[in-house]
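In the numbering used here, the protein residues as written are 10 to 403.
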């Protein structure tokens, strides 16, 4: 496994691996299901072209504009023109100084630990990130949304109230972010990177806890969450690598650390599923109408196998490697997810199986796999459901 990716994962911070993936990796390998040998997998490019960065930013902007990242159950109510006074009072309440101070105190005391699991970066998330937010209000809204969500999780008697508060701050952050995502520059790139990371975390929570409101996530919602993850790549690619690692307040996230480079073996059931689905993709031409799409499917399956060998449920950094798969999916495969193509949903079910082994240590993610597998089971036609044998057994 490439040392850069290994160092990124060792830090224990959510999404930190993204910074290293942009630099490219060395020696990434996967085990071909048809051969008992290693084959080199193409590494990500060091710097995606700027037009690719802009495309990702526009994609994220469209996603934020069309998706329901904020749960409809907890989203603040809308108002008619006749309720102008009530609307003003509600907006004042959201911005209420004491409420913000309480949430900031909760962030400083405990919620920041959602973003860091080691001493080297804990101080950055606890102090440096809020300092950046003082001059970027949209980032402050994202921090307060995450803090309110964590407060709801840890204080059951005030859960509903703080879910509503979190939803309001999410809306404020998303409103700005979606309208200005193409305006990343040297003066705001850190704030955009941090907010985009928080927005992705909030989107995973919504999928994982959709059952709380009696809903299922849709394939479109899952694809949109993956687009939000990939959008971070667009933010990072808007600046040079040197801009991120030299004299940058976030540079501490890139400090190399010792790492055990041994690979983790796939469990036999998961390996068998990946091999069988890869064979299905190779042999059944009914899933695609051109060779390029077939290649995209096979690449997604091989990428999933790479990710599977990297994930280690026993460590915080090993658990976070699971996001390498959606981070690197092609736009063609994401489109297949959005349009509910059977093979894309089958591949997603294997990813959900992988995620299920990681949820116990992460309350934001807990329930993600069951929500997604339930959605896939309801969406797929009966003729394909035997490919979901694992999910049905659960």
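Positions of the beta carbon are idealized from the N, C-alpha and C atoms, including for glycine.
Asked, Found
"Beta carbon of residue 142 nearer than 8 angstroms to that of residue 149", "yes"
"Element boundaries [alpha helix (DSSP H), containing residue 199]", "198-217"
"Cβ-based neighbour list, residue 384, same chain, cut-off 6 angstroms, excluding 5 preceding and 5 following", "225, 226"
"Cβ-based neighbour list, residue 213, same chain, cut-off 8 angstroms, excluding 5 preceding and 5 following", "234, 373, 374, 377"
"Residues near residue 353 in its chain [Cβ-Cβ closer than 7 angstroms; skip 5 each side]", "342, 345, 346"
"Collapsed DSSP secondary structure at residue 187 in the structure displayed", "helix"
"Pick from 330, 324, 163, 195 that is closest to residue 312, judged by C-alpha positions", "330"
"Helix, strand or coil at residue 175 according to DSSP, with G and I counted as helix", "helix"
"Residue 303 versus residue 153: straight-line alpha-carbon distance, rounded", "43 angstroms"
"Span of the alpha helix (DSSP H), counted from its first residue to its last, around residue 125", "Segment: none, residue 125 is in no alpha helix (DSSP H) and carries neither H nor E."
"Proximity to residue 388 [Cα-Cα], best of 359, 360, 355, 369", "355"
"The stretch 127-143 in contact with the stretch 169-188 per 3-pair CB rule at 8 angstroms", "no"
"DSSP-derived helix/strand/coil call for residue 334", "helix"
"Beta-carbon spacing of residue 245, residue 211 below 8 angstroms", "no"
"Own chain residues within Cβ distance below 8 angstroms of residue 133, not counting five before or after", "125, 258, 259, 261, 262"
"Residue interval of the alpha helix (DSSP H) (run including residue 248)", "Segment: none, residue 248 is in no alpha helix (DSSP H) and carries neither H nor E."
"Backbone CA spacing between residue 319 and residue 327 [nearest angstrom]", "7 angstroms"
"Residues near residue 193 by beta carbon distance below 6 angstroms, same chain, minus five either side", "201, 244, 247"
"Residue 381 beta carbon less than 8 angstroms from that of residue 231", "yes"
"Length of the line joining the Cα atoms of residue 280 and residue 116", "40 angstroms"
"Buried or exposed by the 16-neighbour rule on C-beta atoms within 10 Å, applied to residue 256", "exposed"
"C-beta contact flag for residue 120 and residue 159 at 8 angstroms", "yes"
"Reference residue 317; option with closest CA among 296, 295, 365, 288", "365"
"Close-in-space but distant-in-sequence residues of the same chain around residue 220 (CB under 7 angstroms, 5 per side omitted)", "376, 380"
"Alpha-carbon to alpha-carbon, residue 310 and residue 286", "8 angstroms"
"Buried versus exposed, by CB contacts within 10 Å (16 or more), residue 205", "buried"
"Check whether residue 305 and residue 358 have beta carbons under 8 angstroms apart", "no"
"Closer than 8 angstroms to chain C by CB, residue 208", "Structure shown: chain C not included; a single protein chain is present."
"First and last residue of the uninterrupted alpha helix (DSSP H) at residue 353", "351-365"
"Terminal residues of the alpha helix (DSSP H) in which residue 227 lies", "Looking at the DSSP string, residue 227 is not in any alpha helix (DSSP H), and its letter there is neither H nor E."
"Per-residue DSSP class, three states only, for residue 240", "helix"
"Cβ neighbours of residue 334 in the same chain (closer than 7 angstroms, five flanking residues each side left out)", "312, 313, 316, 360"
"Candidates 105, 181, 190, 363, of which the one nearest residue 277 by Cα", "363"
"Residue 304: first and last residue of the uninterrupted alpha helix (DSSP H) it sits in", "300-319"
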